[in-house]
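Heads up: the structure comes next, in structure tokens.
Numbering (the working numbering), first residue to last: 247 to 490.
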């Protein structure tokens, strides 16, 4: 965004250029006024009001031209540029989707060049907004597909766990049943990690202490066997949030 002092420098620069352009006219006006005063003083020592007006008239005309030129520069160049700058600044700061309404449209800027500049900004803003809408649409679609993939992975893990549980029921020996139980416990741990990593509820991060607590609880269950009827696994982890 352009700093406000830039506009003051632009005004000063244009004003200086105007004065430089009108300087020869001002010098000529002063010379004419001096000659008129000298001529009138010689012919009539006491100058009347009409004579004085005639003397200063060239200087007044020059000052009028200077003020009119300054006013024209301010109204036709500086203020329209400031309006365009403010519009661009508002558009750049706005995060509201309604900023699509922030356009110059058919606003009259007093010149074809400034109107063309405003039209170029409108075209650029339209292209940016269209690109932003496309990105938002693509993001929504990507999130939908990601949720679908995670849902299918979760279902597949659950199916495999159910099949292992079914096979464990018909195991021919205790060792086979224990083997199935160990595999099922590892699969359960994988399911816990998957749920903590990809559920919407944990989109702001994974509580490592809570996840470790669930894994330890599952490990206790999987380690229970005829030889070890009571298994206790303690978990002491500082509160840490991981962001996948």
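The beta-carbon is built from N, C-alpha and C at its ideal position, and this holds for glycine as well.
query = Whose C-alpha, out of 319, 361 and 432, is nearest the C-alpha of residue 406?
reply = 432
request  = With DSSP collapsed to three states, give me the class of residue 479.
outcome  = Looking at residue 479 - three-state DSSP - the assignment turns out to be coil, as it is neither helix nor strand.
key: Classification of residue 350 by the beta-carbon crowding that lies within 10 angstroms, buried from 16 upward   = buried
query = Does the stretch 322-339 touch the stretch 352-365, meaning 3 or more C-beta pairs lie closer than 8 Å?
reply = yes
key: Inter-residue CB distance, residue 264 and residue 319 (contact presumed, cutoff 8 Å)   = Right, their Cβ atoms sit about 6 Å apart.
request  = Specify the secondary structure class of residue 352 as computed by DSSP and reduced to three states.
outcome  = Residue 352 falls in the coil class under three-state DSSP.
request  = Tell me residue 487's beta-bridge partners as DSSP assigns them.
outcome  = 453
key: Check: residue 326 C-beta below 7 Å from any heavy atom of the ligand FAD   = The ligand FAD is not part of the structure shown, which contains no ligands of any sort.
query = For the alpha helix (DSSP H) that contains residue 416, what are its first and last residues?
reply = Unbroken run through residue 416: none, as it is neither H nor E.
query = Is the stretch 423-439 in contact with the stretch 392-407, if contact means three or more CB pairs nearer than 8 Å?
reply = yes
request  = Give the C-beta separation of residue 458 and residue 483 to the nearest angstrom, bearing in mind that I take them to be a contact with Cβ-Cβ under 8 Å.
outcome  = The beta-carbon separation of residue 458 and residue 483, rounded to 5 Å, stays under the 8 Å limit for a contact.
Proximal residues to residue 423 (C-beta, below 7 Å), its chain only, five neighbours per side dropped = 414 and 417
inquiry  = Here's the rule: buried if 16 or more other CB atoms are within 10 angstroms of the residue's CB, otherwise exposed. What is residue 317?
reply    = exposed
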